[in-house]
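These notes concern the structure reproduced below.
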Amino acid sequence: MSSQSVAEVRADFRTAEDELTRASHLLSTVTEFAEARKHGGDADPTPVERAASRFLSPGPGPAQTAQTRRSELAYLTKPLLDHDGTARDFFAVARAYESAANRTGSGEESVTRFIDHLEQFVTGTTDHVPPAETLATLANADDRAMAGHLRAVISTLVTAARAWRDEAQDRLNDQYTETDDGDYKRQSTGTIQSFLDAHDDTVETLSDEPIALLPVRLETRFVDGDLLVRVYPDRIHEDSHEPQLSDTERQWGQNFWAYAWYATVEFPTATEFATDLPAERHDELVTMLAELPDEGYPTDPAERKQAIRTRAWGQLVERFGRERASFVVHALKPEVGGESDDADWSYLLDETATAQSVGALSFPEPDGRPGSWTRAPVARLLPDEWLIYGVWATEGESDNRETFLVRGGAIREPLRIGPDPGAMAVAMQAVDETPESTRTEEGIDWLVDFDAAERAGMALRITSEDVFDAGSKPLDSGYFEKLVVTGVKASMDADRTARELRDLFDAQHYTNGLAMVPQGTPTNNADENAGYRSRTDPEETVDVEAAPPLVEHGDVTDGDLLARALAIDPSSLGDDDHVFAHVADADATDQLDAWHANSALWSGTIGYYLQTMLRPNRYDGTSETPPLFDQLDTDGQPDISDWLDGDDPASWYEAYRRHFIEYVRPGGPLPTFRAGRQPYGVLPAAISDPDSDDRLWAGADLSDVLAPDSKDRTSPGGNVKIPRRKGGKGTRDWSLEDIGLGGSNDEESTEETDKSSLKGDDPARDFAAGSTDEFRKTYRPEDAKGSIPDADLAKTYTPEETATVFSSKEIATHYSPDDASTVLSTDELNANYSSEELASSSVKTDAKGRAIDEESVDSVGAKTEDDRDDAADEKGGWFR
């Protein structure tokens, strides 16, 4: 068993996959060049040099150095290759091939020389990466056979990269060997299964981040008295995206941006299109732009730019399809030179933006891919294991029920859901040799074979022993009343999971297609045509895929709200680009419109109902037209104020209003999105823990906002008193039942809540007659203001509670700077307190004793609800 953690092995696997892609691209480029030389033609060695540079050089970014590239290439020194029955590293195998080929020259144009130089770099003898020009020179040597010889050595390098990828995958997953009788026996335990074995309940290893539950499809069947359960990923799990570009895609993507640059300049000169491209490619683009006809386009600059951009986009869509064309455009977003800060890639796509001159473009260098199809589709973000919670019952005997839990094995990573192009040639050869064979390609056999699915963690078997002690009854003596299959990916931390989720949305966007679903869109079950329609017309899609971003962080569009809820927004991930920036209908404002509609409708609908129908008459001092709950206050029925711990329901009015406006959505609290043809709704759900419930309103951490030592606490939703559970002794031990929303605790309390003896119709009389606690339970600050002295009002209520009736000057008069700092801004503190008073308090001050702002706003120091929302966003979104 590997001593590495699951996260470390996953990181090794990702690096190995990238290495295999780089090496395969280099091999395909050298192979294409060798074929051209073999047939006597002249070939350009520039692609070979470019592919060699991408393989040998560190990647982009300040974190990528020669040292990191050396560590990535360390697999070349591992004995991963089986050569003559012994395990050897790449260098040993390559030199053996050289010796056998009798081509061990010592000159500069020698493959052996290149192998030596590469080994010196990987082992640390030198810090200099072998120059990419060396491979290009070898490929273009006078000896035309040299290119084929170089191809054989690079093929060995690809084999080493593939062996390293497979070795990392083997460390992740359990390994099985087939026995003589056709069964399979576990040979080794992977790191994922080791993680599961070390934890009885993996959920306990999670932090307080919420869990995103993605749907799956289930199939069940009874076989030999057991219930077999198959689990299949849904469309949202699919990832067939290839984030590398072929040479053809790179060429046409550069063409698009060249057209966009040309259309932005009012009086373009094609020769000014100076970039860091090779001279031949640059001249090719200049010629293309120079041949662009002036006739046939609108004379208006904005209309002309739109027409040229649409034409260029149409060329991409025609060759690669909408989804892949979108990725090509986004992967090649250039940097725009010049002195203007406004001129960036989005400026080139803005149809209203034109200029007399625009700086030269500088294109990125994404990794290349060796062909149009290089990797198998896989299912992403499946849990570590599947768990089945079930209820078995006997027909006609409602009391005879058995509950059970069945755990599956570790789910294979990555889980292939389609053929691998690298394995297809081997599979086809096997079929040709044995036509009668029906053996499915290894890796996807779990799709059709139950035993293979069990080994992959995608099938579970429920036996009578799982349900009954010692299997005392057969399963067919009753029926399964309920089966719930679920799981979590506890072996992946929250930050990595958010990154993987963002990558999965990108994969859907660039393969199956991704879009938001506006409210009111017909479903597949509606009488009218469903809302889905494949849009491939360039004129319909250019303003989505090849235009400035539709969504920006914080603009409260539907796309922004969904990204922040899932913690995949730029602020949470530290990215520059928004995941829904080019997703259709992501710029809709259905949720914001619902917020405004609720605001407008509150007063005349449910707000009026709460104020008139749910407030007992004794708080109004009248007996006319008894409200609803006064009519129910007979035969032992409770008064609503009993549910509110004696409070006047009006004191909860603001909390109700805020909750209604911000969270009540008939169409759902978050936008619906579509992956391919399949729509998905996003439903936030929470479990109320009867012992501790740390959140009531989304976006605010009440355990931070509320003072832990106060007798009553005020929620961010308004003037809502939340009494501490008796016996709490300063702990944050409370639940939804404690705040009086009408529920009752499962356990009966042995103590009765104190009731107020005050009548509630004369604040001045009741203040003189009752205790402070009774007065607080009966009256709000708004009710008592003017009836009792302000000094007594301040002694009775906290600054947060009197902030609605006191001015900043009055607050400063009756409270200390420490108490007032919870409701007053820095400017208000400085205006109402002396520097001596502030300096002697705990308020943060400068050298002159004046209050200053904290360096960062958190949920404790937030003075407004917007500040608290911003603080919650900085912590990672609504659901993290």
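The sequence shown runs -18 to 861 under the working numbering.
Each residue gets a CB set at the ideal place from its N, CA and C atoms; glycine is no exception.
Model, not experiment: these values are computed from the prediction.
- Bounds of the beta strand (DSSP E) holding Lys463 are Tyr460 to Thr467.
- Within its own chain, the residues whose Cβ lies closer than 8 angstroms to the Cβ of Gln45, once the five positions on either side in sequence are excluded, are Pro39, listed in chain order.
- Put simply, the backbone Cα of Ser(-14) is about 29 angstroms away from that of Arg211.
- Residue range Ala113 to Ala120 is occupied by the alpha helix (DSSP H) that includes Ala117, with no beta strand (DSSP E) assigned at that position.
- Note on the stretch 359 to 388: whole beta strand (DSSP E) runs with a minimum of 3 residues are 368 to 375 and 378 to 388, in chain order.
- Between Pro529 and the set Val564, Ala548 and Gln500, the nearest pair of CA atoms involves Val564.
- Per DSSP, the continuous beta strand (DSSP E) segment holding Tyr157 begins and ends at Gln156 to Glu159.
- Taking C-beta separations shorter than 8 angstroms and ignoring five residues to either side along the sequence, the partners of Pro402 in its chain run Gly352, Trp354, Thr355, Arg356 and Ala357, following chain order.
- Cβ atoms of Thr137 and Tyr78 come within 8 angstroms of each other, at about 7 angstroms.
- In this structure, Leu297 and Phe344 do not form a Cβ contact; the two beta carbons are roughly 15 angstroms apart against a cut-off of 8 angstroms.
- Within the same chain, Cβ atoms closer than 8 angstroms to the Cβ of Thr186 are found at His180 and Ala471, the five residues on either side in sequence being excluded.
- Considering only Ala496, Glu284 and Thr478, the residue with the shortest C-alpha distance to Ala656 is Ala496.
- Taking the Cβ atoms as the reference, Arg388 lies roughly 6 angstroms from Glu366, within the contact range of under 8 angstroms.
- Bounds of the beta strand (DSSP E) holding Phe654 are Thr653 to Ala656.
- The DSSP-derived three-state label of Ile769 is strand.
- By a beta-carbon distance limit of 8 angstroms, Leu819 contacts Pro798. Their separation comes to about 6 angstroms.
- A distance below 8 angstroms separates the beta carbons of Pro762 and Thr785.
- For Asp207, the enclosing beta strand (DSSP E) has its first and last residue at Asp207 to Pro214.
- Less than 8 angstroms divides the Cβ of Pro551 from the Cβ of His534.
- Beta-bridge partners assigned by DSSP to Ile443: Leu208.
- For Ala126 against Phe14, the beta-carbon gap comes to about 13 angstroms, at or over 8 angstroms, which does not count as contact.
- Counting the other Cβ atoms within 10 Å of the Cβ of Gln489 gives 16 or more, which makes it buried.
- Under the rule that a run must span 4 or more residues, the alpha helix (DSSP H) segments found entirely inside the stretch 231 to 287 read 260 to 271.
- According to the DSSP assignment, Tyr165 belongs to the beta strand (DSSP E) that extends over Tyr165 to Ser169.
- Below 8 angstroms, enough C-beta pairs join the stretch 277 to 290 and the stretch 323 to 335 to call them touching: three or more.
- Cβ atoms of Leu209 and Phe431 come within 8 angstroms of each other, at about 6 angstroms.
- Inter-segment contact for the stretch 243 to 251 and the stretch 224 to 235 is absent: fewer than three beta-carbon pairs are separated by less than 8 angstroms.
- If you ignore the 5 residues before and after Tyr56, its C-beta comes within less than 6 angstroms of the C-beta of Trp145, all in its own chain and listed in chain order.
- Annotated as distal: Tyr760 and Pro770, with beta-carbon spacing of 8 angstroms or more.
- The alpha-carbon separation between Thr517 and Arg303 amounts to approximately 6 angstroms.
- Shown here for Ser227: same chain residues with a beta carbon closer than 6 angstroms to its own, the five before and five after excluded, namely Arg350 in chain order.
- Using a Cβ distance threshold of 8 angstroms, Glu383 and Val448 count as a contacting pair.
- One alpha carbon belongs to Pro191, the other to Asn510, and they sit about 36 angstroms apart.
- Here Val645 carries a coil assignment [DSSP, helix/strand/coil].
- With a 10 Å radius around the Cβ and a threshold of 16 neighbouring Cβ atoms, Glu817 comes out exposed.
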